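Listed in order, the protein sequences are those of chains A and B. Just so you know, we're using full-length UniProt numbering here: the first sequence kicks off at 1 and counts up by one. Just so you know, we're using full-length UniProt numbering here: the second sequence kicks off at 1 and counts up by one. Encoded as structure tokens, the structure appears first; notes follow it.
There are 2 protein chains.
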Amino acid sequence: MIIIWKPDRSSSQTLYHQIADEIERRISYGEFPPGSLLPSERKLAEQLGVNRSTVILAYEELRALGIIESRTGSGTRVCKNKWEATPKHTPNWHRYVEGGQFLPNLSYLRRIREALQKDSSLIDFASGELSSQLSPGKEISTQMKENPFTEYLGYDNPQGFTPLREELVSYLSRYRNVQTTDSSILITSGSQQSLYLITQCLLAPGDAVAIEDPSYCYSLPMFQSAGLRLFRLPVSNNGMNPEDIRALYKKHRIKMIFINPTFQNPTGVCLDPTRRMQLLDVASELGLPIVEDDPFSLTSYDGKPPLPLKSLDQLGSVLYIGSFSKIAASGLRVGWMVAPHSVVERLADARQQMDFGLSVVPQKIAAQFLHSDNFLPHLERLRMHLQYRRDLLVEALQKELPNELSFSIPQGGLHLWCKINLDVNDNQLFEEALRRGVVFVPGSVYGSDSGYVRFTFARPKEEEITLGVAKFADALKAVLL
Amino acid sequence: MIIIWKPDRSSSQTLYHQIADEIERRISYGEFPPGSLLPSERKLAEQLGVNRSTVILAYEELRALGIIESRTGSGTRVCKNKWEATPKHTPNWHRYVEGGQFLPNLSYLRRIREALQKDSSLIDFASGELSSQLSPGKEISTQMKENPFTEYLGYDNPQGFTPLREELVSYLSRYRNVQTTDSSILITSGSQQSLYLITQCLLAPGDAVAIEDPSYCYSLPMFQSAGLRLFRLPVSNNGMNPEDIRALYKKHRIKMIFINPTFQNPTGVCLDPTRRMQLLDVASELGLPIVEDDPFSLTSYDGKPPLPLKSLDQLGSVLYIGSFSKIAASGLRVGWMVAPHSVVERLADARQQMDFGLSVVPQKIAAQFLHSDNFLPHLERLRMHLQYRRDLLVEALQKELPNELSFSIPQGGLHLWCKINLDVNDNQLFEEALRRGVVFVPGSVYGSDSGYVRFTFARPKEEEITLGVAKFADALKAVLL
Ligand SMILES: Cc1ncc(COP(=O)(O)O)c(C=O)c1O
Ligand SMILES: Cc1ncc(COP(=O)(O)O)c(C=O)c1O
Chain A
1 MIIIWKPDRS SSQTLYHQIA DEIERRISYG EFPPGSLLPS ERKLAEQLGV
51 NRSTVILAYE ELRALGIIES RTGSGTRVCK NKWEATPKHT PNWHRYVEGG
101 QFLPNLSYLR RIREALQKDS SLIDFASGEL SSQLSPGKEI STQMKENPFT
151 EYLGYDNPQG FTPLREELVS YLSRYRNVQT TDSSILITSG SQQSLYLITQ
201 CLLAPGDAVA IEDPSYCYSL PMFQSAGLRL FRLPVSNNGM NPEDIRALYK
251 KHRIKMIFIN PTFQNPTGVC LDPTRRMQLL DVASELGLPI VEDDPFSLTS
301 YDGKPPLPLK SLDQLGSVLY IGSFSKIAAS GLRVGWMVAP HSVVERLADA
351 RQQMDFGLSV VPQKIAAQFL HSDNFLPHLE RLRMHLQYRR DLLVEALQKE
401 LPNELSFSIP QGGLHLWCKI NLDVNDNQLF EEALRRGVVF VPGSVYGSDS
451 GYVRFTFARP KEEEITLGVA KFADALKAVL L
Chain B
1 MIIIWKPDRS SSQTLYHQIA DEIERRISYG EFPPGSLLPS ERKLAEQLGV
51 NRSTVILAYE ELRALGIIES RTGSGTRVCK NKWEATPKHT PNWHRYVEGG
101 QFLPNLSYLR RIREALQKDS SLIDFASGEL SSQLSPGKEI STQMKENPFT
151 EYLGYDNPQG FTPLREELVS YLSRYRNVQT TDSSILITSG SQQSLYLITQ
201 CLLAPGDAVA IEDPSYCYSL PMFQSAGLRL FRLPVSNNGM NPEDIRALYK
251 KHRIKMIFIN PTFQNPTGVC LDPTRRMQLL DVASELGLPI VEDDPFSLTS
301 YDGKPPLPLK SLDQLGSVLY IGSFSKIAAS GLRVGWMVAP HSVVERLADA
351 RQQMDFGLSV VPQKIAAQFL HSDNFLPHLE RLRMHLQYRR DLLVEALQKE
401 LPNELSFSIP QGGLHLWCKI NLDVNDNQLF EEALRRGVVF VPGSVYGSDS
451 GYVRFTFARP KEEEITLGVA KFADALKAVL L
């Protein structure tokens with residue numbers, strides 16, 4: 001075997017995969033006919049300049065695929081039957097699946113998803129969304145019956161359905177004090193797609209960005225998939241500290257700030273008004289864009305959410321992201337971004353390559369719902385119910401675990417963030433709770449240390465909350481034993 | 001100025017942008033206070049080892065931003081007012097917009113989109129979709145009225161709405177002779193998102209893939225945005241030649257084959273049955289996956305489309321992609337992929353990071369429509385109308401331009417592919433036609449030489465086709481003068 005080929009050490013593919021690939025290719029090209037002897041592991045390792053263990057893994061992989069076989073004493077040979085006459089084989093899907101640049105989702109999140117799919121009777125403190133009781137399902141259903149879809153169902157404007165963008169202009173002005181025009185709005189598949197488009201299209205691999213700690217962003221391998229370097233902005237009771245930005249900029253030359261300033265996920269904290277102004281000042285001094293992810297503000301239990309950064313942003317430093325998910329229905333998949341027109345155009349154009357835009361149908365439903373007389377009463381009902389659920393959760397936690405947990409009581413949002421005051425193994429607690437029929441999200445998913453828990457009180461049935469906490473308390477006591 | 005910094009020549013950012021960035025950062029850090037003198041262009045060019053013209057551009061950019069100013073005789077200085085007291089500025093959005101890894105869409109496609117947005121009276125031979133006359137708008141509207149949405153609108157199964165996947169299992173078996181299960185199906189935002197997920201998640205930058213020439217794929221900067229190297233499979237009257245695969249594999253080690261074998265976009269050609277078998281053989285010999293993009297087959301005018309590769313694929317080499325766009329409505333944004341379960345899982349997981357999945361609403365509409373008694377009559381009506389439109393187009397072309405054009409008459413699909421037998425400037429023809437109120441897609445968009453045109457006969461109003469061709473003929477004659 002004349003080896004002019006060498007594995008590429010800078011590739012993201014492991015060395016042994018590369019070697020297995022190369023050998024397979026040579027075999028399929030007849031360079032090694034069926035039955036022929038392959039070089040010994042030692043020899044091949046020498047020729048390729050790799051460890052013998054690397055070659056062992058490469059051969060092992062080819063053996064598993066039935067391409068080669070080894071017999072003690074007679075070395076490693078190309079399989080006969082596999083390659084006889086017309087050798088045919090299935091693509092090595094395993095290798096394709098491992099090969100791309102997208103990191104898999106966090107294992108806790110997969111584990112939660114699988115558990116919920118398997119057992120619908122679990123008490124769900126994990127899914128960060130509204131239950132069907134809280135969603136305006138009836139309103140939407142009636143609205144669809146009364147206004148069936150008659151628009152042309154063709155490829156639509158890449159920025160999104162125009163009537164929805166127009167509704168959002170008045171929604172943003174009325175509810176968020178944000179003045180904008182429909183040409184500065186991009187409709188996306190929830191806030192999620194806004195974040196995805198920003199990380200993919202406005203940043204390049206290797207760029208540094210600042211995100212809150214803890215934060216929803218840590219639950220998203222998306223940032224790492226885009227090759228970004230993440231730097232932390234610790235969140236305290238009044239939010240992140242704007243002065244931290246300066247140091248990060250100086251040291252790491254961060255290019256963007258991602259922040260969820262109002263009823264933050266997972267902590268429930270609001271960035272206080274002074275800090276909002278300071279953050280805008282620092283960002284504009286450094287010419288840094290701020291991504292303001294603001295899905296929760298309209299859930300404010302007293303109906304008076306803090307003003308978004310965007311409403312104070314005179315220089316145009318803020319990309320403002322909103323969504324229907326947390327105030328109406330996550331399954332509609334309707335979100336939006338307010339941004340300078342050049343940014344909106346760029347992202348809309350890139351999005352054409354990804355999915356050709358959102359379906360018009362849910363966009364029309366969203367536009368109608370915003371426009372309808374049902375929207376404001378729905379919001380008011382939602383706030384009341386969320387507050388009631390929060391109270392149920394807080395009472396149950398205080399009763400069942402008065403000393404074991406610490407938390408602040410959130411004034412809006414869907415989540416309660418708890419610190420466990422005792423030493424506990426996250427994983428054991430998670431599994432024990434699951435066994436007892438309760439699922440929650442361990443805080444480490446959001447980048448925090450171990451010993452934190454996020455409870456979503458919007459998702460379980462109202463009547464399950466107290467029972468769920470009792471089960472959680474049992475689980476905690478069991479793993480402390 | 002002590003320059004320890006050097007621009008990175010391997011970066012995708014231009015040198016002058018990098019230099020402007022760096023200077024701006026130093027200014028904002030006070031390294032150059034307001035009013036201070038910057039190095040001369042010549043000197044800075046020397047220190048950085050770049051051309052003087054590069055520094056000129058960098059300074060020009062900073063001047064445009066109002067960060068520095070130059071006066072003849074007194075050199076280049078940091079602006080005073082901009083940086084006094086609390087210096088504040090807007091992020092340089094221009095640079096963010098240029099910075100990402102997504103290539104902009106082709107300029108012809110943007111030009112077409114803009115023209116159509118501006119002037120809705122244009123005769124549209126360009127948009128590759130069904131007109132409202134051909135879409136089942138009425139059926140869908142009635143169906144929505146009779147079955148309003150009552151399902152819970154939460155985050156759904158990442159593989160897609162289960163009832164739709166179940167309907168697709170029987171649809172695929174009945175209409176495409178593809179036997180599968182709902183766990184092997186992924187619902188996507190049209191075929192577009194299936195292609196996107198495959199290029200992003202199963203391939204890595206630098207990988208080589210084979211695509212047909214001409215092909216829809218060339219209209220997608222998506223492939224280049226994913227960093228893939230494209231190699232061509234020329235398409236003749238009976239499709240691409242499977243033997244070409246071997247050479248590409250040997251030379252470039254292609255990793256995947258993308259093919260649209262039935263009523264190919266843009267040529268309308270079908271890969272003949274013998275070649276289908278050969279292609280499967282070659283692919284399985286080399287262990288190469290085939291992506292079969294099959295949006296058009298059910299438009300077959302005689303109702304007997306060729307069997308897809310997937311129905312002949314015994315080894316599981318084929319990823320099969322379908323869509324509602326070309327047989328019902330592109331604005332629904334419902335497509336699907338049939339793939340090994342491990343692949344479906346991987347792509348579904350990655351997709352969670354991008355958009356959290358499709359809205360349930362259009363998926364339910366699609367499921368109901370497939371299930372309904374309206375589906376088959378709709379298909380039959382669609383085929384009749386498409387054939388009628390094709391005939392209108394062919395007659396008009398033969399009458400107006402009997403010698404100037406050559407084309408084969410397609411037996412299915414939405415498009416007719418023409419060669420212009422005379423020397424003509426693509427761009428002049430395009431602009432002249434636009435001036436006369438007709439828009440089409442120049443063949444170069446699909447990777448062909450100049451002198452080709454794609455006419456979509458599904459999109460304009462039936463009664464506009466003949467007039468549109470007359471206008472096109474006038475435009476062609478005008479640019480030949
Ligand atoms: C802070 C934050 N941003 C964005 C999202 C994404 O939500 P969606 O895409 O449904 O709008 C979530 C969902 O949990 C969230 O908590
Ligand atoms: C061959 C081919 N594949 C895929 C697509 C994407 O269509 P959609 O995403 O609407 O299914 C098109 C659209 O023109 C096409 O022609």
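We put the beta carbon where it would ideally sit given N, CA and C, even for glycine. Source: prediction; values computed, not measured.
Near ligand 2, which residues have their beta-carbon closer than 6 Å to a heavy atom?
Per the Cβ criterion, the list is A:F356, B:G128, B:G190, B:S191, B:Q192, B:Y216, B:N260, B:N265, B:D293, B:P295, B:S323, B:S325, B:S330, B:G335.
With 7 Å set as the bound, which would you pick, yes or no: does the beta-carbon of R71 of chain A sit closer than that to a beta-carbon of chain B?
Output row for R71 of chain A: interface = no.
Is R477 of chain B helix, strand or coil by DSSP?
It should be pointed out that residue 477 of chain B corresponds to Lys in this sequence rather than to Arg. Helix at K477 of chain B.
Do you know offhand how far Q159 of chain B's Cα is from A45 of chain B's?
The straight-line gap from Cα to Cα measures roughly 54 Å.
For chain B, check one thing: does any of its Cβ atoms lie closer than 7 Å to the Cβ of D355 of chain A?
Judged by the 7 Å Cβ criterion, D355 of chain A is in contact with chain B.
Contact criterion: CB-CB distance below 7 Å. Does V344 of chain B meet it with respect to chain A?
No, V344 of chain B does not count as interfacial toward chain A.
Helix, strand or coil: how does DSSP classify M1 of chain A here?
Low confidence applies to M1 of chain A: its pLDDT is 47, below 50, so where it sits in the model is not reliable, and the reading given next is rough at best. In this structure, M1 of chain A counts as coil in the three-state DSSP scheme.
Three or more beta-carbon pairs under 8 Å between the segment 103-117 of chain B and the segment 202-222 of chain B, yes or no?
These segments touch.
Applying a beta-carbon distance threshold of less than 8 Å, which residues of chain B neighbour S135 of chain A?
In chain order: Y152, L153, G154.
Among all the DSSP beta bridges, which residues are the ones paired with F440 of chain A?
Per DSSP, none; premise fails for F440 of chain A.
Cα separation between A85 of chain A and E22 of chain A?
Low confidence applies to A85 of chain A: its pLDDT is 45, below 50, so where it sits in the model is not reliable, and the reading given next is rough at best. For A85 of chain A and E22 of chain A, the distance between alpha carbons rounds to 22 Å.
At a CB distance below 7 Å, what residues from the segment 307-321 of chain B approach chain A? Give them in sequence order.
Hits within the stretch, in order: L315, G316, S317.
Measuring only the C-alpha atoms, how far is S342 of chain B from E98 of chain A?
Going by the C-alpha atoms only, they are around 10 Å apart.
Which runs of the alpha helix (DSSP H) fall wholly inside the segment 169-212 of chain A and span at least 4 residues, in chain order?
Complete alpha helix (DSSP H) runs here, min 4: 190-201.
Check whether chain A comes within 7 Å of residue 528 of chain B, counting only Cβ atoms and requiring the distance to be less than that.
Beyond the ends of chain B as shown, which are 1 and 481, falls residue 528 of chain B; an answer cannot be given.
Specify whether the segment 125-139 of chain B and the segment 313-331 of chain B touch according to this definition: at least 3 beta carbon pairs, one from each stretch, less than 8 Å apart.
Yes: at least three Cβ pairs fall under 8 Å.
What number of angstroms, rounded off, separates the C-alpha of V360 of chain A from the C-alpha of N147 of chain B?
Cα to Cα, the separation comes out at about 18 Å.
Taking only the alpha-carbon atoms, compute the straight-line gap between G451 of chain A and Q200 of chain B and give it to the nearest angstrom.
Near 36 Å, if we compare the C-alpha coordinates of Q200 of chain B and G451 of chain A.
By the three-class DSSP mapping on this structure, what secondary structure does I140 of chain B have?
Here I140 of chain B sits in helix by DSSP.
What distance in whole Å lies between the Cβ atoms of G443 of chain A and R454 of chain A, which are believed to be in contact at a cut-off of 8 Å?
Contact holds; Cβ gap of about 6 Å.
Are F356 of chain A and G190 of chain B touching if we call contact CB-CB under 7 Å?
Their beta carbons are under 7 Å apart, which means F356 of chain A touches G190 of chain B by this criterion.
Is it buried or exposed, R346 of chain A, if we count other Cβ atoms within 10 angstroms and call 16 or more buried?
Under this definition R346 of chain A is a buried residue.
Helix, strand or coil: which one does DSSP assign to T76 of chain B?
If DSSP states are grouped into helix, strand and coil, T76 of chain B belongs with the strands.
If I187 of chain A and W336 of chain A are in contact, beta carbons under 8 Å, what's the gap, nearest whole angstrom?
With a Cβ gap of about 5 Å, I187 of chain A and W336 of chain A count as contacting.
Please report the straight-line C-alpha distance between H17 of chain A and Y96 of chain A, rounded to a whole angstrom.
Cα to Cα, the separation comes out at about 11 Å.
With respect to the alpha helix (DSSP H) encompassing E69 of chain B, which residues constitute its N-terminal and C-terminal limits?
Taken as a continuous stretch (DSSP letters only), E69 of chain B belongs to no alpha helix (DSSP H), being part of the beta strand (DSSP E) at 68-71.
In the DSSP assignment, the alpha helix (DSSP H) including V97 of chain B goes from what residue to what residue?
Where V97 of chain B is concerned, the enclosing alpha helix (DSSP H) stretches over 93-99.
For E243 of chain B, name the three-state secondary structure that DSSP assigns.
Looking at E243 of chain B - three-state DSSP - the assignment turns out to be helix.
7 Å is my cut-off, CB to CB: does F102 of chain A come that close to chain B?
So, interface residue.
What's the call for F212 of chain B, buried or exposed, on a 16-neighbour Cβ count within 10 Å?
The identity of residue 212 of chain B in the sequence shown is Glu, whereas the question assumes Phe. Answer is buried; the Cβ neighbour count reaches 16.
DSSP on V394 of chain B, reduced to helix/strand/coil?
It is helical.
I'd like to confirm something about V55 of chain A: is its beta-carbon nearer than 6 Å to some heavy atom of ligand 3, or not?
The ligand content of the structure shown is limited to ligand 1 and ligand 2, which means ligand 3 is not among them.
Using three-state DSSP, classify L48 of chain A as helix, strand or coil.
Note: L48 of chain A maps to helix in three-state DSSP.
Taking only the alpha-carbon atoms, compute the straight-line gap between S132 of chain B and F223 of chain A and give it to the nearest angstrom.
Taking the straight line from one Cα to the other gives about 40 Å.
Mind pulling the chain B residues with CB within less than 9 Å of T181 of chain A?
Per Cβ cutoff of 9 Å: no residues; T181 of chain A is ~16 Å from chain B at best.
For D349 of chain A, which residues in chain B fall below 7 Å Cβ to Cβ?
Result: P104, N105.
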